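When the letters of the sequence shown are read in order and numbered with the UniProt record's numbering, they come out as residues 1 to 202.
We put the beta carbon where it would ideally sit given N, CA and C, even for glycine.
Nothing here was measured: the structure is a model prediction, and the numbers come from that model.
Before any comments, here is the structure.
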Amino acid sequence: MKTVYPVFSVFALLSLHLFMYGCNLFMWKKTRINYNFIFEFFPTTALKYRDAFLICTTFMTAVVAAMVLHIILRASGFSPSQVDAIPGLLLMVFIVFLVSPFDIFYRPTRYCFIRVIRNIICSPFYKVLMVDFFMADQLTSQGLNVVLRVTWVETVMGFRIGVVESRLVDFLLASLEVIRRGHWNFYRIENEHLCFKTNSVL
1 MKTVYPVFSV
11 FALLSLHLFM
21 YGCNLFMWKK
31 TRINYNFIFE
41 FFPTTALKYR
51 DAFLICTTFM
61 TAVVAAMVLH
71 IILRASGFSP
81 SQVDAIPGLL
91 LMVFIVFLVS
101 PFDIFYRPTR
111 YCFIRVIRNI
121 ICSPFYKVLM
131 VDFFMADQLT
141 SQGLNVVLRV
151 TWVETVMGFR
161 IGVVESRLVD
171 FLLASLEVIR
181 RGHWNFYRIE
191 NEHLCFKTNS
201 VL
């Protein structure tokens with residue numbers, strides 16, 4: 001049980017990232033920011049905000065279903081080693097969906113995501129586009145911010161709480177960081193949009 005909760009919380013944070021991306025897509029569209037041009041997406045295959053919300057909802061529904069299944073099987077008396085494999089199976093299902101060659105569940109977007117991750121890993125060998133730079137910046141800042149902020153808050157505040165409550169506080173702090181980062185993404189792309197507008201006028 002000690003290892004299962006952090007794994008499920010990672011899935012929940014990924015779902016929160018998708019939700020914030022959907023909110024950003026909605027606001028960018030509403031304010032007429034041409035994010036497809038900035039990220040160099042093809043307009044025909046780029047995700048719309050409804051698609052991002054649908055993916056987020058599907059993702060979180062699968063996570064909650066796996067959590068409920070885990071609790072039910074644990075309460076029914078199944079072996080903890082068998083029941084604790086559920087998050088690993090969920091991860092395998094998500095990876096299979098991500099690399100699936102079938103044209104289901106937004107294949108162009110999934111392959112674009114895989115291409116961006118490949119470009120980030122092999123950045124010296126590939127031309128870096130705006131979307132690659134943006135995603136690398138997101139991943140780097142998320143990793144560093146989660147580690148630094150949670151460590152800083154824990155050491156400064158000196159919480160004396162139980163294990164479950166401590167994990168809940170860590171999850172809530174990480175969630176706030178994800179929300180803050182998603183909020184600032186809107187302003188960053190808005191700034192890029194305004195810079196492109198100014199350069200095209202000059």
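- Annotation for residue 22: the continuous alpha helix (DSSP H) segment containing it runs 4–30.
- In this structure residue 16 is not in contact with residue 169, their Cβ atoms being roughly 16 angstroms apart against a cut-off of 8 angstroms.
- Around the beta-carbon of residue 122, fewer than 16 other beta-carbon atoms lie within 10 Å, marking it exposed.
- Positions of the beta strand (DSSP E) runs, each at least 3 residues long and wholly inside the stretch 60–108, cannot be given because no such run exists.
- In this model, residue 102 and residue 93 are separated by some 14 angstroms (Cα to Cα).
- By the C-beta criterion, the stretch 15–32 is judged not to be in contact with the stretch 65–75, since fewer than 3 inter-stretch pairs fall below 8 angstroms.
- Remark: three or more beta-carbon pairs, one from each stretch, lie closer than 8 angstroms, so the stretch 97–114 and the stretch 40–59 are flagged as touching.
- Apart from the 5 residues on each side of it in sequence, residue 117 sits with its Cβ closer than 8 angstroms to the Cβ of 135 in its chain, given in chain order.
- With a threshold of 16 other beta carbon atoms within 10 Å, residue 68 falls short and is exposed.
- Within 10 angstroms of the beta-carbon of residue 128 lie fewer than 16 other beta-carbons, which makes it exposed.
- In this chain, the alpha helix (DSSP H) harbouring residue 35 covers 35–39.
- For the options 119, 64, 36 and 55, the alpha carbon positioned closest to that of residue 97 is the one of 55.
- Taking 8 angstroms as the upper bound for CB-CB distance, residue 84 and residue 4 are in contact here, some 5 angstroms apart.
- When the Cα atoms are used, residue 78 and residue 181 turn out to be separated by approximately 40 angstroms.
- Counting the other Cβ atoms within 10 Å of the Cβ of residue 99 gives fewer than 16, which makes it exposed.
- Selection 125, 19 and 86 evaluated against residue 185 yields 19 as nearest (Cα-Cα).
- Using a Cβ distance threshold of 8 angstroms, residue 51 and residue 126 do not count as a contacting pair.
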